[in-house]
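Novice: When you read off a place in the sequence shown, starting at 1, and then add 1, the result is the number in this note's numbering. C-beta: ideal position from N, C-alpha, C; glycine also. Computed from a predicted structure; not experimentally measured. Sharing a structure with you now.
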Amino acid sequence: MADVPEQLPLPVRGFLDLHPGATVLGVGTDPDLTPGPAGQVAVVARDVTALRSTPCPPGVLARAVGIFLREGAGTPVVVPRPEWPALRSLRSRRAKAGWWTVLRFVGPVDVATVLREVAAQATWGSGVAPTPPGTHDVRVINPVGFLVEAPEPAVDLADLDLTAGVTPALVASLRPARGVRVDRWHQEPGADSARRAVAAVEGLALAGVPVALGAPAAEALRSGGALDPRLLEALGADVDLGDESAREEHSLVARRVAYDVVTARSGRHPQPSVSVLLATRRADMIDFALAQVARQRGVADLELVLAPHGFDVDPQHVREGVGPGVGVQVLPHPAETMFGDVLEAAARAAGGDVVLKMDDDDWYAPDVVADLLRARGYSGAELVGMPAELHYLTERDLTVKRGHPVELYAKFVAGGTMLIDRSVLREVGGFRSVKKYVDAQLIASVLAAGGAVYRTHGLGYVLRRNPTGHTWQVDADYHL
């Protein structure tokens with residue numbers, strides 16, 4: 002930028018002195034940018050909300066991004082997305098009349114993506130300016146806050162104000178409702194009204210709000226072709242919104258489809274590779290555990306790191322047990338090895354972007370791994386997991402549901418469902434060298450380091466509860 006505008010804040014002027022060829026956005030003299038390398042980019046905006054509307058087309062790449070905000074309660078920071086180049090440094094400070102942050106990457110990064118991500122993470126899903134209808138952001142519109150027990154009756158879509166699209170405020174207002182019925186189509190004439198209604202159906206499904214399509218509305222959507230056929234099928238299923246279990250399951254099936262549709266359209270949330278860490282002392286549970294891994298679907302790159310503890314397993318038997326689509330490593334350990342050391346060795350051998358600890362005797366439905374990845378994508382949390390919601394009591398041959406709150410940031414998730422970025426696991430010191438409480442210590446380490454723990458839904462994971470052999474010892478009467 003040849004002429005440095007006098008009105009630029011001092012930190013931005015200093016940035017330009019260091020990088021004479023840098024581009025400045027958001028000051029009324031924005032250059033005509035085209036996709037490709039831009040070197041360094043500085044952005045001036047009112048606050049984090051305004052970052053979302055800063056004019057920057059996709060595909061503009063920079064190694065350094067400076068952000069000056071004139072207003073706000075604090076400096077914006079960001080947890081890098083897995084698909085970005087590594088973050089070399091992040092400096093953020095109070096500046097005169099504003100806040101100044103500089104992110105430097107080891108390679109070129111998409112500037113528009115960085116700006117949107119900083120805004121999304123700074124707001125954590127609230128207070129963000131509404132996005133245009135049909136352009137939902139999964140970090141803003143998502144299932145966080147879903148209520149299993151909704152005390153209020155369902156409402157009709159035609160009674161909602163959809164002028165601003167599906168906003169966090171609209172979603173929050175609908176949380177106590179059992180759902181949204183679409184028995185009659187939106188009454189306003191014109192194509193814009195129809196587009197708003199279609200976008201609202203998708204956005205509400207993405208947020209986990211149970212949407213029940215009546216036959217006329219489903220037929221109108223089907224003939225119009227504006228709604229993804231997979232989502233139309235999910236929302237058109239018969240559901241009793243007064244049945245808590247049926248309502249939650251209906252919400253879950255629809256939100257899975259909506260998340261996949263929206264992220265595929267935006268291209269912002271590529272799926273990371275996953276390494277399942279499975280340590281076991283029980284040779285008789287190997288085939289059962291392999292079957293839980295083999296049935297997982299919707300995961301593009303899955304690896305099993307099996308760590309037999311005190312016995313050996315034929316690697317070929319493991320490969321046959323999980324099938325050809327799953328990579329396999331087998332790392333046996335002597336019986337006297339600490340449980341935490343077994344898991345740490347498995348984590349160090351893992352090749353996935355994220356690692357998932359699974360237990361050898363629990364049941365995992367086919368979508369558990371994919372659902373944990375989705376929760377990672379929309380929550381932004383460093384560690385995600387499911388609640389220990391469903392327990393199978395072996396001595397009573399009975400399954401009980403405990404009633405945990407779900408879809409929230411929490412301090413506890415079931416140890417057999419903990420999914421964490423491999424880099425984050427390394428940064429917090431890995432699995433501790435202990436015999437028990439390995440799960441609790443990892444969660445405590447993430448929280449102590451300032452990370453977030455997110456608990457998604459509890460459907461599809463069933464914890465086997467034996468009379469003995471658990472770290473947490475209670476009798477069956479406690480669960481009953």
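(1) State the start and end residues of the unbroken beta strand (DSSP E) segment that holds H251.
(2) Quick check: H458 and G378, are their CB atoms within less than 8 angstroms of each other?
(3) For my contact list, L291 and G328 are in at a C-beta cut-off of 8 angstroms; report their separation, rounded to the angstrom.
(4) Please state whether DSSP places I142 in a helix, a strand or coil.
(5) Across which residues does DSSP place F106 in a beta bridge pair?
(6) Using C-beta distances below 7 angstroms, list every residue in its chain close to P316, excluding the 5 sequence neighbours before and after it, in chain order.
(7) Mark P21 as exposed unless 16 or more other C-beta atoms lie within 10 angstroms of its C-beta, in which case mark it buried.
(8) Tell me whether the beta-carbon of L228 lies closer than 8 angstroms to the beta-carbon of V167.
(9) Tell me whether Q8 is buried or exposed, calling it buried when 16 or more other Cβ atoms sit within 10 Å of its Cβ.
(10) Hey, R182 and D157 are a contact pair by Cβ (cut 8 angstroms); roughly how many whole angstroms apart?
(11) Look up D422 in the DSSP assignment and give the residues it is bridged to.
(12) Within this structure, are the beta carbons of A382 and V463 separated by less than 8 angstroms?
(13) Can you have a look at L19 and say buried or exposed, based on whether 16 or more other CB atoms are within 10 angstroms of its CB?
(14) So the beta strand (DSSP E) V149 belongs to, where does it begin and stop?
(15) For K358, count neighbouring C-beta atoms within 10 Å of its own C-beta (all shown protein chains included) and say buried if the count is 16 or more, exposed if not.
(16) In whole angstroms, what is the alpha-carbon distance linking A389 and I444?
(17) With DSSP as the reference, identify every bridge partner of P309, one or two as the case may be.
(18) Among the residues of its own chain, which have a CB less than 6 angstroms from the CB of R105, if the five just before and after it don't count?
(19) Among the residues of its own chain, which have a CB less than 6 angstroms from the CB of D302, if the five just before and after it don't count?
(20) Answer with buried or exposed for E203, where buried requires no fewer than 16 other C-beta atoms within 10 angstroms of its C-beta.
(21) What number of angstroms, rounded off, separates the C-alpha of L207 from the C-alpha of E250?
(22) Leaving out five residues before and five after G452 in sequence, what residues of the same chain have Cβ atoms less than 7 angstroms from its Cβ?
(23) For L373, which three-state DSSP category applies?
(24) Could you check the C-alpha separation between T24 and A376 for me, to the nearest Å?
(25) Name, in chain order, the residues that DSSP records as bridge partners for D111.
(26) With G324 and D363 assumed to form a contact (beta carbons below 8 angstroms), what rounded beta-carbon distance in angstroms separates them?
(27) With respect to 7 angstroms, is the separation between the Cβ of V447 and the closest non-hydrogen atom of the ligand PLP below this value?
(28) Exposed or buried, which one is R298 when buried takes at least 16 other CB atoms within 10 Å?
(29) Less than 8 angstroms between the C-beta atoms of D422 and V314, yes or no?
(30) State the Cα-Cα distance for the pair S33 and A371, rounded to the nearest angstrom.
(31) For S252, count neighbouring C-beta atoms within 10 Å of its own C-beta (all shown protein chains included) and say buried if the count is 16 or more, exposed if not.
(32) Determine the direct distance from the alpha carbon of A280 to that of P309, and round the result to whole angstroms.
(33) Taking its Cβ as the centre, do 16 or more other Cβ atoms sit within 10 Å of A98, making it buried, or is it exposed?
(34) What separation, rounded to the nearest whole angstrom, lies between the Cα atoms of T102 and L70?
(35) What does a CB cutoff of less than 7 angstroms around S488 pick up in its chain, not counting 5 residues either side in sequence?
(36) Roughly how many angstroms separate the alpha carbons of L374 and Q272, rounded to a whole number?
Specialist: Reading it off the structure:
(1) Taken as a continuous stretch (DSSP letters only), H251 belongs to no beta strand (DSSP E), being part of the alpha helix (DSSP H) at E245 to S267.
(2) Result no, Cβ atoms of H458 and G378 do not sit closer than 8 angstroms.
(3) In fact, because the Cβ distance is near 13 angstroms, the residues do not count as touching under 8 angstroms.
(4) Coil, per DSSP.
(5) The bridge partners DSSP lists for F106 are L88.
(6) Excluding positions up to five away in sequence, the list reads V329 and V331.
(7) Burial call: exposed.
(8) Taking a C-beta distance under 8 angstroms as the contact criterion, L228 and V167 do not qualify as a contact pair.
(9) Here Q8 is exposed, its C-beta having fewer than 16 other C-beta atoms within 10 Å.
(10) Yes, they are in contact, since the Cβ atoms of R182 and D157 sit about 5 angstroms apart, within 8 angstroms.
(11) In the DSSP assignment, the residues bridged to D422 are V355.
(12) In this structure, V463 does not lie closer than 8 angstroms to A382 by Cβ.
(13) Exposure of L19 is indicated by the presence of fewer than 16 other C-beta atoms within 10 angstroms of its C-beta.
(14) Run containing V149: none; DSSP gives neither H nor E here.
(15) It is buried - the Cβ of K358 has at least 16 other Cβ atoms within 10 Å.
(16) Their Cα atoms are separated by approximately 15 angstroms.
(17) P309 is bridged to T281.
(18) Excluding its 5 nearest sequence neighbours in each direction, R105 has C-beta neighbours in its own chain below 6 angstroms: A65, R89 and S90, listed in chain order.
(19) Excluding positions up to five away in sequence, the list reads S274.
(20) It counts as buried.
(21) Using only the alpha carbons, I get a separation of about 14 angstroms.
(22) The residues are E383, L384 and V425.
(23) For L373, the secondary structure class from DSSP, reduced to helix, strand or coil, is helix.
(24) Using only the alpha carbons, I get a separation of about 35 angstroms.
(25) DSSP lists L62 as the bridge partner or partners of D111.
(26) Taking the Cβ atoms as the reference, G324 lies roughly 20 angstroms from D363, outside the contact range of under 8 angstroms.
(27) What this structure holds is no ligand at all, so the ligand PLP is not there to describe.
(28) Its Cβ having fewer than 16 others within 10 Å, R298 is exposed.
(29) It is not a contact, given that the beta carbons lie outside the stated cut-off.
(30) The question names Ser, yet the displayed sequence has Asp at residue 33. A straight line joining the alpha-carbon of D33 with that of A371 spans about 40 angstroms.
(31) The residue in question, S252, is buried, as its Cβ has 16 or more Cβ neighbours within 10 Å.
(32) Approximately 6 angstroms, taken between the alpha carbons.
(33) A98 is exposed by the Cβ-count criterion.
(34) Whole-angstrom Cα-Cα distance: 9 angstroms.
(35) The structure shown does not extend to residue 488, since the chain is modelled only from 2 through 481, so no value can be given for it.
(36) Looking at the two C-alpha atoms, the distance is approximately 7 angstroms.
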